[in-house]
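Number of protein chains: 2
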Amino acid sequence: MNILFIMYDQLRHDYLSCAGHPHLKTPNFDLVAAMGVRFTNAYVQSPICGASRMSFYTGRYTSSHGAQWNGFPLRVGELTLGDHLRKIGMDCWLLGKTHMKADAEGMARLGLSPDSVIGARQSECGFDAWVRDDGLWAEGPDGFYDEKRSPYNEYLKSQGYPGDNPWADFANAGIEDGQIASGWILKNAAKPANIREEDSETPWLTSQTLDFMEQARTPWCAHVSYIKPHWPYIVPAPYHDMFGPNHVPAARRAEVEREDAHPVLSAYMETRVAEAFQQDAVRQKVIPAYMALIKQCDDQLGRILDHLERTGALSDTMIVLTSDHGDYLGDHWMGEKDMFHEQAVKIPLIVYDPRDAADATRGTTCDALVEAIDLTATFIEAAGGEVPDHIVEGRSLLPWLHGEVPEDWRQVAISEYDYSGTGQAVKLGLSPRDARLFMVFDGRFKLIHAEGGFRPMLFDLETDPEEFHDLAKDDNHQAEIDRLYDHLARWGRRMSQRVTKSDAEIIAGRGKSLRRGILTFLADGTEVPPEWMEKYVGPAKADYTGD
Amino acid sequence: MNILFIMYDQLRHDYLSCAGHPHLKTPNFDLVAAMGVRFTNAYVQSPICGASRMSFYTGRYTSSHGAQWNGFPLRVGELTLGDHLRKIGMDCWLLGKTHMKADAEGMARLGLSPDSVIGARQSECGFDAWVRDDGLWAEGPDGFYDEKRSPYNEYLKSQGYPGDNPWADFANAGIEDGQIASGWILKNAAKPANIREEDSETPWLTSQTLDFMEQARTPWCAHVSYIKPHWPYIVPAPYHDMFGPNHVPAARRAEVEREDAHPVLSAYMETRVAEAFQQDAVRQKVIPAYMALIKQCDDQLGRILDHLERTGALSDTMIVLTSDHGDYLGDHWMGEKDMFHEQAVKIPLIVYDPRDAADATRGTTCDALVEAIDLTATFIEAAGGEVPDHIVEGRSLLPWLHGEVPEDWRQVAISEYDYSGTGQAVKLGLSPRDARLFMVFDGRFKLIHAEGGFRPMLFDLETDPEEFHDLAKDDNHQAEIDRLYDHLARWGRRMSQRVTKSDAEIIAGRGKSLRRGILTFLADGTEVPPEWMEKYVGPAKADYTGD
Chain A
20 MNILFIMYDQ LRHDYLSCAG HPHLKTPNFD LVAAMGVRFT NAYVQSPICG ASRMSFYTGR
80 YTSSHGAQWN GFPLRVGELT LGDHLRKIGM DCWLLGKTHM KADAEGMARL GLSPDSVIGA
140 RQSECGFDAW VRDDGLWAEG PDGFYDEKRS PYNEYLKSQG YPGDNPWADF ANAGIEDGQI
200 ASGWILKNAA KPANIREEDS ETPWLTSQTL DFMEQARTPW CAHVSYIKPH WPYIVPAPYH
260 DMFGPNHVPA ARRAEVERED AHPVLSAYME TRVAEAFQQD AVRQKVIPAY MALIKQCDDQ
320 LGRILDHLER TGALSDTMIV LTSDHGDYLG DHWMGEKDMF HEQAVKIPLI VYDPRDAADA
380 TRGTTCDALV EAIDLTATFI EAAGGEVPDH IVEGRSLLPW LHGEVPEDWR QVAISEYDYS
440 GTGQAVKLGL SPRDARLFMV FDGRFKLIHA EGGFRPMLFD LETDPEEFHD LAKDDNHQAE
500 IDRLYDHLAR WGRRMSQRVT KSDAEIIAGR GKSLRRGILT FLADGTEVPP EWMEKYVGPA
560 KADYTGD
Chain B
20 MNILFIMYDQ LRHDYLSCAG HPHLKTPNFD LVAAMGVRFT NAYVQSPICG ASRMSFYTGR
80 YTSSHGAQWN GFPLRVGELT LGDHLRKIGM DCWLLGKTHM KADAEGMARL GLSPDSVIGA
140 RQSECGFDAW VRDDGLWAEG PDGFYDEKRS PYNEYLKSQG YPGDNPWADF ANAGIEDGQI
200 ASGWILKNAA KPANIREEDS ETPWLTSQTL DFMEQARTPW CAHVSYIKPH WPYIVPAPYH
260 DMFGPNHVPA ARRAEVERED AHPVLSAYME TRVAEAFQQD AVRQKVIPAY MALIKQCDDQ
320 LGRILDHLER TGALSDTMIV LTSDHGDYLG DHWMGEKDMF HEQAVKIPLI VYDPRDAADA
380 TRGTTCDALV EAIDLTATFI EAAGGEVPDH IVEGRSLLPW LHGEVPEDWR QVAISEYDYS
440 GTGQAVKLGL SPRDARLFMV FDGRFKLIHA EGGFRPMLFD LETDPEEFHD LAKDDNHQAE
500 IDRLYDHLAR WGRRMSQRVT KSDAEIIAGR GKSLRRGILT FLADGTEVPP EWMEKYVGPA
560 KADYTGD
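Each protein sequence line maps, in turn, to chains A and B.
In this text, residue positions in the first sequence follow this note's numbering: the first is 20, and each later residue adds one.
In this text, residue positions in the second sequence follow this note's numbering: the first is 20, and each later residue adds one.
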């Protein structure tokens with residue numbers, strides 16, 4: 020069996036028709052959901068691209084792998100999905116984005132060249148890169164945001180698009196009065212991107228994927244990782260005018276959210292992005308473009324499904340559809356992601372397992388508390404391996420896919436956010452290590468702990484599914500707060516770094532030192548089997564004390 | 020300035036005359052204490068050799084570096100004292116024991132050969148090995164406990180000691196009726212070891228140290244790490260009869276300790292070693308040998324001090340004397356170490372800083388809560404570096420040495436113990452990750468949390484300095500317990516794995532993406548400086564949408 024692990028960037032959990040979106044029809048997502056299981060309570064380990072992805076790719080919490088924000092390098096030697104899969108005979112390929120920054124200093128210290136196979140995998144988050152393109156070819160006076168080469172830009176140039184950065188000038192810009200109309204500017208969101216649709220980012224990566232599937236040696240795991248529907252929000256014809264202001268739901272927000280708001284949330288509600296999304300005019304421009312980008316993703320998913328069906332591979336390929344986090348789109352007075360409301364921290368997660376064992380669950384949903392880190396465990400098990408649970412902190416989802424209810428499933432989902440690198444930390448006057456948040460969610464109550472001496476936040480999603488009422492504003496919920504803090508404390512004591520020794524090795528090693536001669540405090544030696552003592556008895560070989 | 024970092028193995032904090040021992044005179048330890056500062060509340064991060072040492076050598080808690088018990092490999096790439104010192108121009112040498120196990124699997128995965136300089140340092144815990152000898156050449160039917168070569172055994176052979184393992188047959192055995200009388204057997208503890216005193220382990224390593232100091236390029240840090248006074252407890256003449264039963268203090272233990280004892284402590288009180296030390300006959304044989312081994316250490320320390328004085332290096336060498344943990348010696352019904360009473364978890368720590376800045380504190384004691392991990396930070400600062408506090412969790416002791424009281428010094432010391440590999444975990448029916456203990460000590464109250472569903476332990480060292488009364492046996496101390504659990508929870512959330520990005524780098528990086536073209540959600544572009552937008556404006560280069 021192969022594994023097709025497809026990630027979209029910033030795809031909000033409820034922007035699919037199978038998840039109930041009233042206007043956006045996503046028949047191909049829905050088809051996979053009908054063939055598999057849709058997980059309705061799936062959470063990322065951090066509501067930000069880089070940190071979230073490092074958790075997907077290592078199966079470990081962000082506090083465990085340490086790459087807690089965009090651009091924080093993943094430490095050299097940290098074990099990844101690719102390490103685990105190759106060990107059991109499955110190749111592990113990357114097509115698209117990882118947002119992984121290599122630990123160049125650590126690699127130099129260990130003498131690893133990025134040109135070697137080992138060094139290249141260390142640089143690419145454990146994947147073999149079929150094509151890596153992180154998809155943000157932003158450029159300013161200090162140069163490119165991303166200093167790598169862009170295969171996508173090279174593709175565009177090969178197709179005749181002029182200039183140094185056709186990503187910016189064509190794929191993410193329209194035209195107005197003969198001038199570039201950049202996708203960074205909101206008022207351009209409804210314009211068609213100045214690019215042939217088949218050359219835009221999502222179809223380009225899809226074509227790479229079809230090429231890959233034709234050429235790759237099996238079994239493979241392929242991480243197909245689209246940059247879209249992530250901003251800049253602009254989309255080529257014919258998608259640009261598929262949706263309009265009448266398809267934009269009212270913002271889910273309430274005045275009470277801004278009253279006595281938690282200082283960290285308050286700082287986030289005051290960012291430029293949040294203030295943009297607080298304007299209905301912005302939402303009405305941007306959300307149709309966002310929807311159109313998703314619609315294009317759905318159409319391109321259709322190409323992949325067609326290819327799998329045509330080649331007969333559909334019966335032998337596990338398919339996973341997910342995202343690295345959501346998008347507030349103006350809900351809760353917020354833009355982007357970064358915080359822990361469902362809009363940001365919950366993700367779509369659809370898993371199709373082609374094997375007979377999964378027949379009973381096809382087309383169902385599963386509301387178990389699932390974490391992004393569970394996918395690494397799932398893939399290792401799907402590939403026939405045993406999950407090394409002293410390294411991988413997630414748990415395999417296969418039991419759920421096969422209609423079983425695993426014992427001792429987690430009681431809480433944990434997510435973290437390190438905002439030390441942001442203007443909000445500056446605004447709040449926080450040292451880097453005080454600019455950290457932890458979410459503990461038990462399926463009903465959601466506690467958010469903030470370092471730095473702030474009070475927590477608490478939401479009850481049963482009585483307040485919209486998460487408007489922060490119950491920690493008053494003193495009436497201490498019992499729930501304490502209970503969730505207990506979960507957080509237990510999690511804080513978890514065994515996460517004993518990565519060089521498995522539980523099985525520990526159990527097998529118990530008592531072994533006795534048979535290697537460590538025989539402390541024997542009264543006369545008769546209390547142990549004679550062969551244990553054999554090396555310590557016999558005639559004295561010489562007498563040196565008298566010298 | 021050079022740094023002479025001397026560690027003794029299993030040297031209990033109160034077995035020095037400067038620490039008040041009534042019978043054991045240790046003039047050379049006392050001399051260093053008179054020249055420097057003796058820390059009277061210094062704690063190890065784990066009361067077991069390997070885990071404790073990995074914390075000394077990384078400056079990190081055992082849950083952070085992951086090598087939580089003897090023989091658990093230190094993960095490849097984990098930064099060590101040697102890495103930090105070499106970066107700032109100081110060599111870092113090892114003479115003696117580290118108890119470090121290399122991460123052979125991780126090294127193979129990264130293509131590191133132990134024969135290379137980089138690989139050798141990875142294998143030797145970041146040190147350049149002048150001579151490594153872990154000092155436990157135990158041997159049984161399954162072979163040697165330690166599979167490396169023993170430079171000490173090679174030395175003995177070169178001196179004419181016959182046989183394969185003169186460590187066992189001579190250095191750690193006497194003679195009785197022409198037969199080997201092994202040091203593993205208690206009744207032999209008072210016999211002279213069958214070896215010339217100058218060939219025994221402590222003088223041998225001291226001679227290596229003198230050779231090193233004559234030859235090494237400065238500046239150096241040298242970790243001189245003796246195996247003694249660790250068992251087997253047997254010592255050559257003339258030390259073997261320096262002490263007798265009349266020098267052995269009564270065991271510090273009380274019946275109340277065994278009443279309703281905590282299950283984990285109870286399991287440890289029932290080990291073979293504990294039961295041996297519960298017998299006064301055993302204590303009276305063993306403790307005189309233990310004292311004699313310390314006396315020999317003191318004499319050999321005198322050789323080092325003489326050499327430093329003779330060569331004029333005393334004014335340019337920082338000296339640190341410490342141990343990796345203590346020894347119960349029958350107190351609390353216990354033998355060995357493993358638990359968190361002061362006898363096991365507190366260590367001797369004497370630091371001599373030759374510089375003028377330390378003149379004011381010479382000959383004083385300091386009762387601040389100090390942890391073993393503080394030494395890495397101290398050495399980095401002493402060598403002129405800045406402590407990378409995103410990696411090193413300890414704090415420099417230099418302020419204390421220079422008569423300053425650091426702001427925000429830690430409020431609690433933390434120590435951990437992973438006993439997953441022991442018979443006690445088997446006895447208690449625990450899975451490996453439930454066989455873990457955490458100590459939180461605030462200078463007065465000591466809480467011990469046990470995973471696996473057990474109650475905690477609590478001692479009040481003010482009202483009960485002997486730690487006989489576990490206050491958690493009843494329900495009257497919940498406030499103290501909760502308070503210490505809060506400290507533990509805060510510690511559990513510490514930032515310990517963001518080792519690739521310093522606080523300074525984070526602060527310097529804030530806002531940098533704007534000047535690299537990440538310009539989200541502009542209304543019309545006028546809200547940012549024109550040069551930020553420069554790459555996104557201008558005449559459209561072509562029109563592709565109409566194709």
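For glycine and all other residues, C-beta sits at the position ideal for the given N, C-alpha and C.
If the criterion is Cβ atoms closer than 9 Å, does the pair residue i and residue j meet it?
i	j	result
Ile-253/B	Ala-192/B	yes
Ala-286/B	Gln-443/B	yes
Leu-155/A	Met-119/A	no
Gly-349/B	Ala-402/B	no
Asp-317/B	Asn-47/B	yes
Leu-205/B	Ala-542/A	yes
Val-95/A	Arg-57/A	no
Leu-50/B	Ile-313/B	no
His-32/B	Ala-61/B	yes
Which residue or residues does DSSP assign as beta-bridge partners of residue i?
i	result
Trp-645/B	With chain B covering only 20 through 566, there is no way to say anything about residue 645/B.
His-468/A	Phe-457/A
Cys-385/A	Phe-58/A
Gln-64/B	Answer by DSSP bridge pairing: none, since Gln-64/B is not bridged.
Thr-341/A	Met-26/A, Leu-368/A
Ser-201/B	Ala-192/B
Between residue i and chain A, is any beta-carbon pair separated by less than 9 Å?
i	result
Pro-558/B	yes
Thr-395/B	no
Asn-184/B	yes
Ala-561/B	yes
Asp-188/B	yes
Glu-143/B	no
Phe-262/B	no
Leu-91/B	First, the residue type needs correcting, since residue 91/B is Phe and not Leu in the sequence shown. So, interface residue.
Tell me, please, whether the CB atom of residue i is closer than 9 Å to any CB atom in chain B?
i	result
Val-431/A	no
Val-459/A	no
Asn-213/A	yes
Gln-29/A	no
Thr-578/A	Coverage of chain A is limited to positions 20 through 566, which leaves residue 578/A absent and any answer about it impossible.
Glu-553/A	yes
Gly-404/A	no
Phe-163/A	yes
Suppose you measure from the CA of residue i to the CA of residue j; what does that come to, to the nearest Å?
i	j	result
Asp-260/A	Pro-307/A	8 Å
Asp-386/B	Val-339/A	58 Å
Arg-79/A	Ala-293/A	30 Å
Asp-110/A	Ala-396/A	16 Å
Glu-524/B	Ala-139/A	25 Å
Arg-105/B	Glu-217/A	54 Å
Pro-407/B	Leu-416/B	15 Å
Asp-393/B	Val-364/B	15 Å
Gly-413/B	Tyr-76/B	11 Å
Gly-85/B	Thr-99/B	13 Å
Which whole-angstrom value describes the C-beta separation of residue i and residue j, a residue pair presumed to lie in contact below a C-beta threshold of 8 Å?
i	j	result
Gly-69/A	Gly-536/B	Not confirmed; about 17 Å, so no contact.
Gly-345/A	Gln-362/A	5 Å
Glu-435/B	Arg-455/B	7 Å
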